[in-house]
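Undergrad: This is the structure, below, for whatever I ask next.
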Amino acid sequence: MKENQKIYWKGVEQLTNDPEFVKHADKEFPEALPLENEEASGSSRRDFLKLMGFGVAAASLAACETPIKNAIPYLNKPVDINPSIPNYYASTYINGGDYASIVVKTREGRPIKIDGNKLSPITQGGTNAQVEASVLSLYDKERLTNPYIGGKGASWEELDKQVIAKLKSIALTGGAIRIVSNTVLSPTTKEAIKNFTSKYPNAVHVAYDPTSSNGMVQANDWAFGKAVIPSYHFDNAKVIVGFGADFLGTWISPIEFTKQYGKTRKISKEKPEMSRHFQFESNFSLTGANADYRTPIKPSQEGLVIANLYNLLAAKAGAATMSVAKLDVPFLTKAANELWANPGAGLVVASSNDPYVQVVVNAINSLIGSYSKTINLSAPVNFRQGNDAAMTQFIADAKAGRVAAAIFFNANPVYNHANGADLADAISKIGLTVSTSDRMDETTSLVQFVAPDHHFLESWNDANPKEGHYSLAQPTITPLFDTRHAGESFLTWAEDSSSYYDFLRANWKANYFTKQSETGDFNMFWDKALFDGVFTTATPAAESVSFGGNLPVCASQIGKTYKADSKDVEIVLYEKIGLGNGSQANNPWLQEMSDPITKATWDNYFTVSQKWANENGIKMVEGETTVIKVTVNGKTLEGPALVQPGQAYGTIGLAVGYGRTKAGKVANGVGMNAFPLVAVANGFANYSITSGVNVELTSTKYRIAQTQTHQTYMGRTNVVQESVLAKYKEDASAGREHPEIYTSEGFKKPSKISLWKGHQYSQHHWGLAIDMNSCVGCGACTIACQVENNVAVVGRDEVLNRREMAWIRIDRYYSSDAPAGDLTAMEVAAENPEVTFQPMMCQHCNNAPCETVCPVAATTHSSEGLNQMTYNRCIGTRYCANNCPYKVRRFNWFKYHDNKQFDTNLSMNNDLGKMVLNPDVTVRARGVMEKCTMCVQRIQAGKLTAKREARPMKDGDVDVACATACPSDAIVFGDMNDPNSRITKMLQLKEEGEEKVVNEERAYHVLEEINVAPNVWYFTKIRNKDVENKA
Amino acid sequence: MSIKRSLTKVHVIAGFFVAMLALVAFSSPVQAQDIPSDEASIAAGKSLFGANCAQCHKLDQKYTGPALRGVTGRRELPWIKSFIKNSSKLIATDADAKALFQEYGGTVMPPHEFLADEEIMQLLAYIENGDKGGDKADADGAATDGGAAQSGDSSMPSEYLTVILVVLVVVLLLILIVLGLIISVLTKFLNDKKDLDEDEKEYINQKTDLKKVFKSEGFILIVTAIVVALIAKTAIDGLYSIGIQQGYAPAQPIAFSHQLHAGQYGIDCQYCHTGVEIGKSANIPSANICMNCHQHIKNVGGAEGFSPEIKKIYDAVENNEPIEWVRIHNLPDLAYFNHSQHVKVGGVECQTCHGQIQEMEVVAQHSPLTMGWCIDCHRTTDVNTAGNAYYDNLVKLHGDGNAMKVADIGGLECAKCHY
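Here it is, written out as structure tokens:
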């Protein structure tokens, strides 16, 4: 079997066994301590005495009377707020077109954590990194604290007076008034804008999206007469084919899609079926990493590949084919066959913003019967309402001086629109400019009037993400600053004096209350909707539609735009799952979140393929690489080239959302701004540049702060265990390795030979089960953990020093079937490797190696199976981290709180930011070790609730932050002593004598052979791949 | 020379025993014989103590006033009597009394002129002999103090200690006598010897020279060692007491009296401290809770107008300025204590940790709030499992043999309080 062993590697340097990598691989801490030279440092006996004198003085001062602390109760305590007891409010996360129904945890009136709302039929309790992190944006010091007129602080009365006067005079002369926004999800805000536009008839609302899906809307209009984006049902699909669409990461509604996708990837003996996923893309996206079959293609081929897929299917269906150049890429025929074999259970999605390509995608979906099964055109979604042409027109008008007034409603086009620079020049020509942004960003700093909007956690609002689905947002804190809801600003400027809250209620009473029949009392309806956070009317069922697109026109357009074998270097712009379109760029949690694929933090970069890098002499070792200069249409960007396995040869990937100049001290100057590269083709924003790209190498070297080779396992093989579906059906334990240890009595299971006595868990036995099959690697858990457990941000320099503090990391392993030792084959495989994601946190070993080496018993085992870390006992020897086989312990090399040197650690370095800290978790001091506690504060709280209610605990009383956040339900937490808990059932735990035995064949321990007996179980990864018959 | 050396040694040893004897004699109570020690007197003293003293004093623990046991060793009997009868009078004239008064924050001890001399003697009998080893309530505080605040709270009964001391003294005396005999016999024997030169004779017949003893290396060494040990002990005790604020009774912005509200009027603790059964903190009551009653009660004893202290609540409400109480119990941030666990689940009385709060005019921190104190209680307290289904499984596993202590179900684990 050994010769079939797959090779797993985290970075190319590990695959090639680069000396730099080998140097660090065996070390928990890569560098020697900076021991200063005794003579050179000049510290002397005198210094010692001085220090000692100071120490004695300090100690005696400390011994003096403790400073007086005050306890200040409420003057008039609100009934439902009790100190130390959290309150939860259902609300809605809205950021442009991004949406999530959420539950906000507040403590003493401060929102401190965002969880998903399980009552929402759309996000179903899932969140993603951006949603989790958004609570910190509330406490961002860079937010505007009051209105501004001409760059000077002003009062709202003054601002309203001047704005209304100007608007009126413009209205009299008939000048064009434009409201520029991103997608507006709130129907009530739209209503307020409508009031405004009816007051000023020359006002027009222009919406655009930084990453647009306008082409899809157009294509659906052409094909079906509906200018909408439909809702998708990945959960109904058996065959999923994606073309560049990162639907698990950033495309349209990623949380919803991940939930649905996760369901199709869960397998068990009762349901040994899973979806098969093909992905054709240029950049290595998160979605591509989860695909069973992935084919790198160039963006210049995309249209042709899709048209060829159509032709393959049309040939089977007997429909007319399109006359386009024939292009076959690996797995395309296979995808066509599979789609054809599963009528009504296939789904093809593409992210292309080219409407002609999207029409072909519609045609394919129509051929395979997706409409009515996996696509619902009758329930369109509102996540992307931007109109590219209208926005381009607006900027052109502004340039020509045809715009009299522009109100930038939470939009920052100067930064995130391709023609932002033009707009920046033209803004002074506009008679009245107003912005409602929360900070002096690139656009806002150029306008005359700033009317800052509330943060979404401070305001009443609603959202209509999908036809028939409504969602309410309620304030979870009194507005921190003198800000005003933008909807209320529009009402005020339309001289409507009602508050936004009253307006919202009135709108709901008029429009949604009437859509239900459960109650006749509006207040009851309102309270229920507010409690649930969501209100759903009957959603129109999916129905089959007849395709009316004009394919020959598409064929000729595709023939013009796309080439089968372009030799040019092409650029594909994408959104990172962390930073997205950059609107939350000043959030250090998102900046430091390591990208699921590249594992890079604090930067964007040009991703290039290994082959291209070799040809151009770019070598990347441990993050150090060459800076390249990329010029497109006279715009030059200079940045590091990151060698990315799986990147299509001849393409360069570049993330948008970076290169902010006026977002705040965290974001400013990080990376480069890719938005100016966005091309406009046929009136639609185009995120791939297929010609005119010029690349130059510079002699500059740059180190990207990647975490990918940190914490490696020294060549131990059975960390990732995987198989394919066909083998799993034959044998449920396919892919499992069962290590055995040779003893004098022959081979034995590692668990049968132990020096340890073991532990008795009489009441609870906490554990985690992680299904690597449904884990998509999105990283929502890492941010959730960071928020919940007050994990520090260390900054780029310290990440380079391998000192990131994350308690849970997602290990991303590349692998390929190439036989070990065959370097050529492996290099080829490295061009398009398979990926496995493995969330890795403290394994809470029953035979914990860390516990035995701690000289001060600072890390000990609890009677409930937890490995406890006691910060106040820790003296920082770091023996435990050195002895941890999973490398999950983190050392506080510095004091990260109240330290100017770590001022990007916003949540611990100013009074405002500190409001986000979880008061139930200690902020760790310098010099102590920390690690995953399995959210012991939540366990303690859950146990106490049960005790107070004098009842046994039940499954679900406690859930850990990572499991709660997971949008694909890959992490399951529970009590392994409870026969009814989900984890017991998942692991099929049975009592056998003294021992509990796991009967689930897929469940395994990482590094089972060392028998540290973790309480975290992993489920083998099963790919839905065919078994290839190798000789 | 060997004679000389051995003689010196014997002298030194004898000297040492003299010193020891002196120490032992000194450490016995000076006035022990004056104080009655019969059961009846002690019992009478106990009831007197409970009626008049227990609000402010404890036998073995500092409280509002000093710990009283051993007071007859520290002070003259007449001094004690006059202090008890009228402390203010004594404070005005006596420097010691004044120092004591200032040490305890200037709290005046009310006069007890109604007490007869005989009764005072009974009181002292109880103070010196009563509740040896501490009654149960005292034990909580005293035993857990880990020797930091108090010295030598040994578990051995004091009668045994006395017997051992007496035996020791007798043995030491005997040894001393024997040594003296040896010295005289040796001197005599040596004087009788003919072959001694002048030097040696002189040495043999020398008298013990105190000056020489004081200057001798051994003496200096012993004295130095004792001084160093005492300083070290004081320093270590001092270091251990850093951050321990037992007895801390700061002045509050409003002179709220628990004695009046909880004691005299018997208002339930939870009427004001609303969080105690539901959450981590017990909650300092908000002004609106005060106003529930005080909107009707504006002055003490039905007098006209506002009492100045009650006026402060009205001012706070009117000026919209919350009352800034001084926090008394400052548990370190690293420990997560939860009131509801102890009060609601554990059924622990407030007084167990907070002392006789209903008798406190000014609230003082009753317990040391050290980890040792927490742990000790967790070791000795039975889990309140009655009627709580959460514990059913644990009770079953634990068996009926002996009671299930908090420590038995993980009550000593780090992550129960530190995370």
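Chains as they are written, first to last, in the numbering used here: chain A, 11 to 1041; chain B, 6 to 424.
From the three backbone atoms N, C-alpha and C, an ideal C-beta is built for every residue, glycine too.
All of these numbers come straight from a predicted model, not from anything done at the bench.
Pairing CB atoms from the segment 748 to 761 of chain A with CB atoms from the segment 556 to 570 of chain A, are three or more of them under 8 Å?
TA: no
Undergrad: In this structure, how does DSSP classify A:T700 when only helix, strand and coil are distinguished?
TA: Start at 1 with the first residue of the first sequence, and residue 700 of chain A comes out as number 690. If DSSP states are grouped into helix, strand and coil, A:T700 belongs with coil.
Undergrad: B:M409 and B:D381 look like a contact to me (Cβ under 8 Å); what is the Cβ gap, rounded to whole Å?
TA: For the purposes of this step, residue 409 of chain B is taken as the residue at position 404 of the second sequence. For the purposes of this step, residue 381 of chain B is taken as the residue at position 376 of the second sequence. No, B:M409 and B:D381 are not in contact; Cβ-Cβ is about 17 Å, not under 8 Å.
Undergrad: Just tell me which of A:L177, A:M939 and A:K995 has its CA closest to the CA of A:D965.
TA: As a first step, residue 965 of chain A must be located in the first sequence, where it is residue number 955. Measuring from the Cα of A:D965, the nearest candidate turns out to be A:K995.
Undergrad: How is A:M603 classed by DSSP in three states: helix, strand or coil?
TA: Mapped onto the first sequence, residue 603 of chain A falls at position 593. Here A:M603 sits in coil by DSSP.
Undergrad: Do A:T446 and A:F419 have their CB atoms nearer than 7 Å?
TA: For the purposes of this step, residue 446 of chain A is taken as the residue at position 436 of the first sequence. For the purposes of this step, residue 419 of chain A is taken as the residue at position 409 of the first sequence. It is a contact, given that the beta carbons lie within the stated cut-off.
Undergrad: Could you give the distance in angstroms between the alpha-carbon of B:V281 and the alpha-carbon of A:M963?
TA: Numbered from its first residue, the second sequence carries residue 281 of chain B at position 276. Numbered from its first residue, the first sequence carries residue 963 of chain A at position 953. The alpha-carbon atoms of B:V281 and A:M963 are separated by roughly 22 Å.
Undergrad: Which residue wins for smallest C-alpha separation from A:G126, given the options A:L922, A:Y109, A:R120 and A:A744?
TA: For the purposes of this step, residue 126 of chain A is taken as residue 116 along the first sequence, with counting starting at 1. Comparing Cα-Cα distances from A:G126 to each of A:L922, A:Y109, A:R120 and A:A744, the minimum goes to A:Y109.
Undergrad: Can you list, in chain order, the residues of its chain with a C-beta nearer than 6 Å to that of A:Q998? Leave out the 5 residues immediately preceding and following it.
TA: Stepping through the first sequence from its first residue, residue 998 of chain A is reached at position 988. Closer than 6 Å at Cβ, skipping near neighbours: N1009 and E1010.
Undergrad: How about B:H263: is its C-beta nearer than 7 Å to some C-beta of chain A?
TA: The count along the second sequence starts at 1 and reaches residue 263 of chain B at position 258. Output row for B:H263: interface = no.
Undergrad: Under 7 Å, do A:G497 and A:A100 count as touching if we go by C-beta distance?
TA: Within the first sequence, residue 497 of chain A is the residue found at index 487, counting from 1. Within the first sequence, residue 100 of chain A is the residue found at index 90, counting from 1. No, these two residues do not count as a Cβ contact at 7 Å.
Undergrad: Verify whether the separation of the beta carbon atoms of A:D219 and A:T199 is less than 7 Å.
TA: Mapped onto the first sequence, residue 219 of chain A falls at position 209. Mapped onto the first sequence, residue 199 of chain A falls at position 189. Not a contact, by the Cβ cut-off of 7 Å.
Undergrad: Determine the contact status of A:K1031 and A:N783, defining contact as a CB-CB distance below 7 Å.
TA: Reading the first sequence from its first residue, position 1021 is the one you call residue 1031 of chain A. Reading the first sequence from its first residue, position 773 is the one you call residue 783 of chain A. Contact flag set, yes.
Undergrad: Which residues, taken in chain order from the segment 80 to 101 of chain A, show a beta carbon closer than 8 Å to some beta carbon of chain B?
TA: N80, A81, I82, P83, Y84, L85, N86, K87, N92, P93, S94 and I95
Undergrad: Is it right to say B:C422 is buried, meaning 16 or more other beta carbons lie within 10 angstroms of its own, or is it exposed?
TA: Translated into the one-based positions of the second sequence, residue 422 of chain B becomes position 417. Its Cβ being crowded by 16 or more others within 10 Å, B:C422 is buried.
Undergrad: Could you tell me which chain A residues have their CB closer than 8 Å to the CB of B:Q346, listed as they occur along the chain?
TA: Translated into positions along the second sequence, residue 346 of chain B becomes position 341. L954 and K957, listed in chain order.
Undergrad: Determine the burial state of A:E632: buried for a count of at least 16 other Cβ atoms within 10 Å of its Cβ, exposed for fewer.
TA: Position 622 of the first sequence holds residue 632 of chain A. With 16 or more other Cβ atoms within 10 Å, it is buried.
Undergrad: From B:G310 to A:A516, what distance separates their C-alpha atoms?
TA: Mapped onto the second sequence, residue 310 of chain B falls at position 305. Mapped onto the first sequence, residue 516 of chain A falls at position 506. The alpha-carbon atoms of B:G310 and A:A516 are separated by roughly 50 Å.
Undergrad: Report yes or no: do three or more beta-carbon pairs, one from the segment 305 to 322 of chain A and one from the segment 367 to 384 of chain A, lie closer than 8 Å?
TA: Contact annotation: the segment 305 to 322 of chain A touches the segment 367 to 384 of chain A, with at least three C-beta pairs closer than 8 Å.
Undergrad: Would a C-beta distance cut-off of 7 Å place B:N297 and B:G352 closer than the cut-off?
TA: Here residue 297 of chain B refers to the residue found at position 292 when the second sequence is read from its first residue. Here residue 352 of chain B refers to the residue found at position 347 when the second sequence is read from its first residue. Cβ distance not < 7 Å, so B:N297 and B:G352 don't count as in contact.
Undergrad: Within 7 Å of any Cβ in chain B, is that where the Cβ of A:N882 sits?
TA: Residue numbering aside, residue 882 of chain A sits at position 872 when the first sequence is read from its first letter. Taking Cβ atoms only, chain B reaches closer than 7 Å to A:N882, which makes this a yes.
Undergrad: Using a C-beta cutoff of 7 Å, does A:P971 count as contacting chain B?
TA: For the purposes of this step, residue 971 of chain A is identified with residue 961 of the first sequence, where counting begins at 1. The residue you asked about is not Pro; residue 971 of chain A is Ala in the sequence shown. No, A:A971 does not count as interfacial toward chain B.
Undergrad: Output the distance between the C-alpha atoms of A:S481 and A:Y511, rounded to the nearest integer angstrom.
TA: The residue given as residue 481 of chain A occupies position 471 in the first sequence. The residue given as residue 511 of chain A occupies position 501 in the first sequence. One C-alpha to the other measures close to 15 Å.
Undergrad: How would you call A:S507, buried or exposed, if buried means at least 16 neighbouring beta carbons within 10 angstroms?
TA: Taking the first sequence and counting its residues from 1, one reaches residue 507 of chain A at position 497. Per the 10 Å Cβ criterion, exposed.
Undergrad: Contact criterion: CB-CB distance below 7 Å. Does B:S286 meet it with respect to chain A?
TA: As a position in the second sequence, residue 286 of chain B is number 281, starting the count at 1. Yes, because at least one Cβ of chain A sits closer than 7 Å to the Cβ of B:S286.
Undergrad: What is the DSSP secondary structure of A:S455, counted as helix, strand or coil?
TA: Here the question's residue 455 of chain A lines up with position 445 in the first sequence. Note: A:S455 maps to helix in three-state DSSP.
Undergrad: What first and last residue would you give for the beta strand (DSSP E) that runs through A:P121?
TA: Mapped onto the first sequence, residue 121 of chain A falls at position 111. A:P121 -> beta strand (DSSP E) spans R120 to G126.
Undergrad: Do you know how far the Cα of A:R934 is from the Cα of B:F106?
TA: Your numbering for residue 106 of chain B matches position 101 in the second sequence. Your numbering for residue 934 of chain A matches position 924 in the first sequence. When rounded, the distance between both Cα atoms is 44 Å.
Undergrad: Measuring alpha carbon to alpha carbon, tell me which of A:G937, A:Q947, A:E732 and A:C942 ends up nearest A:T931.
TA: For the purposes of this step, residue 931 of chain A is taken as residue 921 along the first sequence, with counting starting at 1. Sequence inspection shows Val at residue 931 of chain A; the Thr mentioned does not correspond to that position. The option with the nearest alpha carbon to A:V931 is A:Q947.
Undergrad: Out of A:A951, A:A840, A:H775 and A:W903, point me to the one whose CA is closest to A:S991's CA.
TA: What you label residue 991 of chain A is simply residue 981 of the first sequence in a count that begins at 1. When only C-alpha atoms are compared, the closest one is A:H775.
Undergrad: With distances taken from CA atoms, which of B:L235, B:D397 and B:A412 is nearest A:R961?
TA: Mapped onto the first sequence, residue 961 of chain A falls at position 951. Of B:L235, B:D397 and B:A412, the residue nearest in Cα terms is B:D397.
Undergrad: Against chain A, with Cβ distances strictly below 7 Å, would B:G151 count as a contact?
TA: In the second sequence, the residue the question calls residue 151 of chain B occupies position 146. Because B:G151 sits at a pLDDT of 38, beneath the cut-off of 50, its placement in the model cannot be relied upon, and the following sentence gives the value as read from the coordinates. Chain A contact via Cβ: absent.
Undergrad: What does A:R961 reach in chain B if we use C-beta pairs closer than 7 Å?
TA: The residue you call residue 961 of chain A lines up with position 951 of the first sequence. Residues of chain B passing the Cβ test: A394 and Y395.
Undergrad: Let me check you understand the geometry: is the CB of A:A520 closer than 6 Å to at least one non-hydrogen atom of the ligand ZN?
TA: Within the structure as shown, the ligand ZN is missing, as the structure has no ligands at all.
Undergrad: Using the Cα positions of A:K525 and A:L927, report the straight-line distance between them to the nearest angstrom.
TA: Looking up residue 525 of chain A in the first sequence gives position 515. Looking up residue 927 of chain A in the first sequence gives position 917. The alpha-carbon atoms of A:K525 and A:L927 are separated by roughly 41 Å.
Undergrad: Go through the segment 469 to 533 of chain A residue by residue and report every complete run of the alpha helix (DSSP H) that reaches 4 residues or more, in order.
TA: 496 to 503 and 510 to 521
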